[in-house]
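A.B. asks:
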Amino acid sequence: MLGAVPPILSIDRLTKVYPNGTRALDEVSLDVEPGEFVVLIGLSGSGKSTLLRCVNRLVEPTSGRIVFEDQDVTAAEGTELRRIRRQMGMIFQQFNLVKRSSVFANVLAGRLGYRSTWRTIAGQAGREDVELAFENLVRVGILDKAYQRADALSGGQQQRVGIARALMQRPRLMLADEPVASLDPATSHSVMKYLEEINRGDGITVMCSLHFLSLARRYGTRVIALKAGRIAFDGKPAEIDQRRFREIYGEDAVEVEIGPGQTRDEAEAIHAGAAADPAAISPDVPPER
């Protein structure tokens, strides 16, 4: 269609077979539009993490093609691949922080892809990088933790360090691999709200894998369900009824609610009515200390 905005990410017949013969992805094809908040759901082993890690080539695809902003990710090598990766932030389930380093040093590490080799070895950071690191620490509410060791923080705080580090790349696409899997419900919402903020406020496209459908409904604009490496559902969060839920998770599965059972649209509608009736707003989950 004339004037249509091209997808920020296009995946065509992506397949990944691991050396042990496990077919983690089986000809997965999808397009992601700029500004979407795409949530990947499915059972453990359904291919969610493999899909995210193929997008930035942390896992090498067996076959298929990945195009990010007109750049062929699957064909890229060396400097070109590093340049593409700089535009993709990554948030990990286990945080992937340098535990003995300070929070500030971990956040600053997000700029490594932009710095020359000798400056990286020397541990030198430019003024602009330092200022950006402090800005991102303020943004995720942990500036007061800047000079503490990363391993002195709680799980939720460590994940916020991971978000700040990813923001240092000034990414166009944020990949989040089970970012709240090891967190309690209140902390899970706190972390997810930061991802929602960068999606809505900055226009950063988000692809996030989650275990809980209630979180997918609350924060996603689109849900893609994987089952045995194939797409089993692709649509709006509200379209997943009990029948589809059982198709994805199995007949004996029981849905577990994490917090209020709202969709993102419903939550936004409630907050939009604040000026007229402040009492109508459900209290936000308090930030983790």
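Counting from 20, one number per residue, gives the positions in the sequence shown under our numbering.
Ideal placement from N, C-alpha and C gives every residue a C-beta, glycine not left out.
By Cβ distance, which residues of its chain are closer than 7 Å to Ser29, with the 5 residues on each side in sequence left out?
C.D. replies: Asp50, Val86
A.B. asks: Which value, in whole angstroms, describes the spacing of the CA atoms of Leu33 and Thr93?
C.D. replies: 10 Å
A.B. asks: Hey, could you find the ends of the alpha helix (DSSP H) Arg220 is sitting in?
C.D. replies: According to the sequence provided, residue 220 is Gly. The question's Arg does not apply to it. From DSSP, the alpha helix (DSSP H) with Gly220 extends over 204-221.
A.B. asks: Are three or more beta carbon pairs between the stretch 233-250 and the stretch 42-56 nearer than 8 Å?
C.D. replies: yes
A.B. asks: Which of helix, strand or coil does DSSP assign to Gly61?
C.D. replies: The answer is coil: DSSP assigns Gly61 none of H, G, I, E or B.
A.B. asks: Between Lys118, Leu77, Lys164, Leu62, which has its C-alpha nearest Arg105's C-alpha?
C.D. replies: Leu77
A.B. asks: Taking contact to mean at least 3 C-beta pairs separated by less than 8 Å, is the stretch 193-201 in contact with the stretch 149-166?
C.D. replies: no
A.B. asks: Contact between the stretch 109-122 and the stretch 161-174: three or more CB pairs below 8 Å?
C.D. replies: Verdict: yes, contact present.
A.B. asks: Measure how close the beta-carbons of Ser228 and Ser48 come, nearest whole angstrom, since I'm counting them as under 8 Å.
C.D. replies: Contact between Ser228 and Ser48 does not hold, since the beta-carbon distance rounds to 18 Å and is not under 8 Å.
A.B. asks: Ser201 to Phe56, Cα distance in whole Å?
C.D. replies: 21 Å
A.B. asks: Asp91 bridges to which residues according to DSSP?
C.D. replies: In the DSSP output, where bridge partners are listed per residue, Asp91 has Val86.
A.B. asks: DSSP three-state label for Ser201, please.
C.D. replies: Ser201 falls in the coil class under three-state DSSP.
A.B. asks: How many angstroms separate the CA atom of Ser63 from the CA atom of Glu52?
C.D. replies: 26 Å
A.B. asks: Whole alpha helix (DSSP H) runs in the stretch 102-168 with 4 or more residues, listed along the chain?
C.D. replies: 122-127, 136-141, 146-158
A.B. asks: Name the two residues that bound the continuous beta strand (DSSP E) containing Thr34.
C.D. replies: 28-36
A.B. asks: Compute the beta-carbon to beta-carbon distance between Val122 and Lys164, rounded to the nearest angstrom, for a pair I have assumed lies under 8 Å.
C.D. replies: 5 Å
A.B. asks: Just reading off the beta strand (DSSP E) that Leu245 is part of, what are its end residues?
C.D. replies: It spans 241-246 - the beta strand (DSSP E) in which Leu245 sits, taken as one unbroken run.
A.B. asks: In chain order, what residues of the same chain have a beta carbon less than 7 Å from the beta carbon of Gln177, not counting five sequence neighbours either side?
C.D. replies: Cβ contact annotation for Gln177 (same chain, cutoff 7 Å, sequence separation greater than five): Phe114, Leu116, Ala169, in chain order.
A.B. asks: What residue does the beta strand (DSSP E) around Ala171 start on, and which one ends it?
C.D. replies: No beta strand (DSSP E) contains Ala171, which DSSP labels as neither H nor E.
A.B. asks: When you compare the CB of His208 with every CB in chain D, is at least one pair closer than 8 Å?
C.D. replies: No chain D is part of this structure, which consists of one protein chain only.
A.B. asks: Can you give me the C-alpha to C-alpha distance between Asp303 and Ser207, rounded to a whole angstrom?
C.D. replies: Note that Asp303 scores 36 on pLDDT, short of 50, meaning its location in the model is unreliable; the coordinates nonetheless yield the value given after this. The straight-line gap from Cα to Cα measures roughly 12 Å.
A.B. asks: Quick check on DSSP: helix, strand or coil for Phe264?
C.D. replies: The three-state reading of DSSP puts Phe264 in helix, counting H, G and I together.
A.B. asks: What residue from Phe111, Arg146, Ala152, Gly83 has the CA that sits closest to Gly129's CA?
C.D. replies: Ala152
A.B. asks: Just to confirm, is the Cβ distance from Asn218 to Val180 under 8 Å?
C.D. replies: Not closer than 8 Å, so no.
A.B. asks: According to the neighbour-count rule (16 or more other Cβ atoms, all chains shown, within 10 Å of its Cβ), is Asn75 buried or exposed?
C.D. replies: buried
A.B. asks: CB Leu232 to CB Phe264, shorter than 8 Å?
C.D. replies: yes
A.B. asks: Could you tell me which residues DSSP pairs with Thr224 in its beta bridges?
C.D. replies: Leu192
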